[in-house]
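Let me begin by presenting the structure, written as structure tokens, before commenting on it.
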Amino acid sequence: MKNISKRRSFLRIIGGASVTSFLSPSYVIGARPSSALSRTGVLVEASTFEELGGWKLDTQHYLQMGGNYLLAHGMGKPVADAKTLINLPSAGTWHLWVRNRDWCKGEWQSPGRFQVLVDGKPATKTFGQADSLWHWESGGTLNIAKAGKVEVSLRDLTGFDGRCDALYFTQEPSPILPTGELKELSDWKDELSHRAQEKIPESSFDLVVVGGGMSGCGAALAARAQGLQVALIQDRPLFGGNASEEVRVHSLGIHGYGTEILKKIDTAHYPNGSHKAKIDQVKREKAMAKSGVDLFAHHLACGLEKKGDKIISIEAREAKSGRIRRFRAPVFIDATGDGWLGYWGGADYRYGREAAAQHSEGWDKYGDLWSPEKPDNRVMGTSVLWNSERSKQKQEFPQVPWAMPVAGDNASVKGEWYWEYSENQLNQIEDAETIRDHMLRAIFGSFANAKKNPKYAPYQLKWVAYIGGKRESRRLMGDHIYDMHDAVERKEFPDAVVVEKREVDGHFQRKLKGAKQDFLSSAMFRHTSGHYYIPFRSLYSRNLSNLMMAGRCFSCTHVGLCGPRVMNTCGQMGIATGFAASLCKKHTTSPRQIGKAHMQELKKLIGFEGSKPLGNPSKPGH
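Taking the working numbering, the leading residue of the sequence shown gets 258, the next gets one more, and so forth.
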């Protein structure tokens, strides 16, 4: 019973804004969900397939749709089959059900169509064309001659991003399957996969960092350099976040006093979307592997345990197996970008634009585009980068009528940073899959339009990201809320730990100024005429005593984020919090107390003296 009581205090967040307390948790041996869901069949989660073929494992929407699904991202060319072996325990008639989605439903043939094959024979139903929401769909019956191993394959029919979350084989003609309630779906998957009967492994560290972008890597490397045992949890297989090979945004901003660390993980100033990102990825992966940091790539944080105002532990799912690991530490750093740890723990946060008068951030030059009269939910958006290449002969590209309502008559053969989507009615976290998909329609439609010009007949798509590069979502509130005046007026802080000098750079959708496209943005630059500083008080939560944050989820206003949101600057934030974590251990205290009693020691570790840095900070891009 001791084990059970501990679990009752555990908060696991499955999706959306709900925080679920498991009074009868699924990870207690013998526990079963109380619903009437079918449980006698064989569940095959797509993430567990042994051979992915050309399909991609998409983990970025797990907390919204309840699975890590396979994505047929072939840029218009069908990808190779994904395959796995499963065991059907008896012969006879089996019924197939598939959790899938028609990601672009409309008056056209759906772009994401795929088949399920069992021992090479296609099911009677073609999937990816029935419902715009994630749903279970019957695939008909299978006649299995004898019990044992059968091969299951996913066959892409279009190359345009078909997606499959799970398959369920059952001898029930009409099984009761989980719907869209994510806790129910997660519990059911855990039970049928037998994860619910497994003991959760636990590990204790001096520091747990969640998020393996530039800020998270910087934090982990700094803390490890001071001798801490550090766990770095990253939801993707690669480190780097927006700088990674998967997203391919070059790192901007200056190194400040973080050059020694940041040069191990940053990028050259290649064009956004360039294949040269692979070179920096190799550099980054080698640096992280040699660092001594305990790396947990492809692990998705999914909840936390909290006592009072302290986070006690966090849990993360391994992407392929779905198995849970628990991580304990006295201090945590939220480098998720979306501020998940803070959100789950009940930290104060903001999302959207503040009213111009709230922090006196109005600017007549751009008016409402810069800062609105009334607060709203608009933030800087998500970019999906892409490019093409010229070949020696004409290259065909399929008709994409489903893309044209978005692309319109726009024609292009590449997409830079300004291929960005933000919409007041869509949330950058909860609607992330819809936003990414909107950008894919813009890309494929614009490329198809360009192909009508004989000049571009030899062009073919070379690379299209399927992971969006976010600029802004939740911002966790600290003891200081960084705003426009802190940057523009170059305010000096006694607890300055980050230095930057790039412009305050906000974005708006061109549609707001009359453009036809809703997927292109423009920048608004407000110059700062010198270095500005970020105080340590903006890097820890004001109401979670052992949580720090680094990266775009730091404590700031919408406009305050516009300058220091770039990756080298975020990396500096990570370094500051990593060093601060080492002092938390040394002095057995909290981040806030480090700021009050040990600030000079922290500044010395970073390279600051007084409110200004020693010497001249490094140049932009270096």
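Heads up, the beta-carbon is just placed ideally off N, CA and C, and yes, glycines get one too.
Hey, how far is the Cα of residue i from the Cα of residue j?
i      : j      : result
TYR675 : MET696 : 11 Å
MET322 : GLU690 : 9 Å
ILE286 : GLY596 : For ILE286, the pLDDT reaches just 29, beneath the cut-off of 50, and the residue's location in the model is therefore unreliable, although a value from the coordinates is still provided. Roughly 32 Å between the two C-alpha positions.
ILE700 : ALA660 : 8 Å
TRP445 : ASP752 : 49 Å
SER443 : LYS842 : 36 Å
HIS532 : SER617 : 42 Å
GLY470 : GLY497 : 4 Å
VAL375 : CYS361 : 27 Å
GLU429 : PRO435 : 15 Å
LYS860 : VAL754 : 6 Å
LEU733 : ALA604 : 7 Å
GLY513 : GLU760 : 15 Å
LYS712 : GLN650 : 11 Å
PHE704 : MET856 : 53 Å
GLN615 : GLY817 : 13 Å
CYS810 : HIS555 : 21 Å
SER648 : ALA668 : 19 Å
LEU509 : VAL823 : 6 Å
ILE863 : SER778 : 36 Å
THR381 : LYS577 : 28 Å
PHE594 : SER431 : Sequence check: residue 594 is Gly here, not Phe. About 42 Å.
GLU746 : ASP762 : 15 Å
ALA707 : ALA722 : 19 Å
GLN372 : THR814 : 47 Å
GLY468 : ASP591 : 7 Å
ALA544 : LYS535 : 14 Å
ASN344 : ALA404 : 8 Å
THR834 : GLN685 : 26 Å
LYS671 : ALA546 : 34 Å
Per DSSP, what are the beta-bridge partners of residue i in this structure?
i      : result
VAL487 : LEU464
THR593 : THR593 pairs with nothing; no bridge assigned.
LEU300 : TYR425
ASN400 : THR350
TYR326 : ASP315
VAL880 : This structure cannot settle anything about residue 880, because the visible part of the chain is limited to 258 through 879.
ASN344 : LYS406
LYS564 : LYS567
ILE581 : ARG574
LYS446 : None, per the DSSP bridge assignment.
SER778 : GLN766
ALA699 : The partner list for ALA699 (beta bridge, DSSP) is empty, contrary to what the question assumes.
ASN357 : HIS392, CYS421
ARG412 : GLN372
ALA339 : LEU411
Can you name, in chain order, every residue of its own chain whose Cβ lies under 7 Å from the Cβ of residue i, other than the five neighbours on each side?
i      : result
LYS768 : GLN774, ASP775
GLU364 : none
GLU858 : LEU840
GLN766 : SER679, ASP775, SER778
LYS378 : none
ARG481 : VAL487, SER548, GLY549, VAL550
Please list, in chain order, all residues of the same chain as residue i whose beta carbon is under 6 Å from its beta carbon, the five residues on each side excluded.
i      : result
GLU302 : ALA423
ARG698 : ALA660, VAL663
TYR425 : GLY298, LEU300, TRP354
GLY725 : THR639, VAL641, ARG693
ALA477 : VAL466, VAL487, LEU489, VAL550
GLY665 : LYS773
TYR319 : ASN325, LEU557
GLU459 : ARG583
LYS719 : ASN644, SER645, GLU646
SER347 : ALA404
SER283 : Caution is warranted here: a pLDDT of 36 is assigned to SER283, below 50, making its placement in the model unreliable, and no coordinate value can be reported.
Beta-carbon of residue i versus every beta-carbon of chain B: anything under 9 Å?
i      : result
GLN774 : Although the question refers to chain B, the structure presented lacks it and comprises just one protein chain.
Enumerate in chain order the residues of its own chain whose CB-to-CB distance from residue i is below 8 Å, with the five nearest sequence positions on each side excluded.
i      : result
LEU390 : ARG358, GLY437
LYS259 : Any reading at LYS259 needs caution, since the residue's pLDDT is 31, under 50, leaving its predicted position unreliable; the model's value is listed next. For LYS259, where only same-chain residues beyond five positions count, there are no Cβ hits under 8 Å.
Review point. Are three or more beta carbon pairs between the stretch 723–742 and the stretch 779–794 nearer than 8 Å?
Key: yes
Point to revise | Every unbroken beta strand (DSSP E) within the stretch 623–647, with a cutoff of 3 residues, ordered by chain | key: 643–647
Practice item. Taking 8 Å as the threshold, find out whether the stretch 597–613 comes into contact with the stretch 635–646 through three or more Cβ pairs. Key: yes
Review point. Does the stretch 460–467 come close enough to the stretch 481–492 that 3 or more CB-CB pairs lie under 8 Å?
Key: yes
Practice item. Go through the stretch 789–832 residue by residue and report every complete run of the beta strand (DSSP E) that reaches 3 residues or more, in order. Key: 789–792, 804–806
Check your understanding: What are the complete beta strand (DSSP E) segments, minimum 3 residues, inside the stretch 484–530?
Key -> 487–490
Check your understanding: If we count Cβ pairs, one from each stretch, closer than 8 Å, do we get three or more for the stretch 821–832 versus the stretch 519–526?
Key -> yes
Point to revise | Stretch pair the stretch 308–316 + the stretch 331–339: three plus CB contacts closer than 8 Å | key: yes
Check your understanding: Is the stretch 620–628 touching the stretch 582–593 in the sense that three or more CB pairs, one from each, lie closer than 8 Å?
Key -> no
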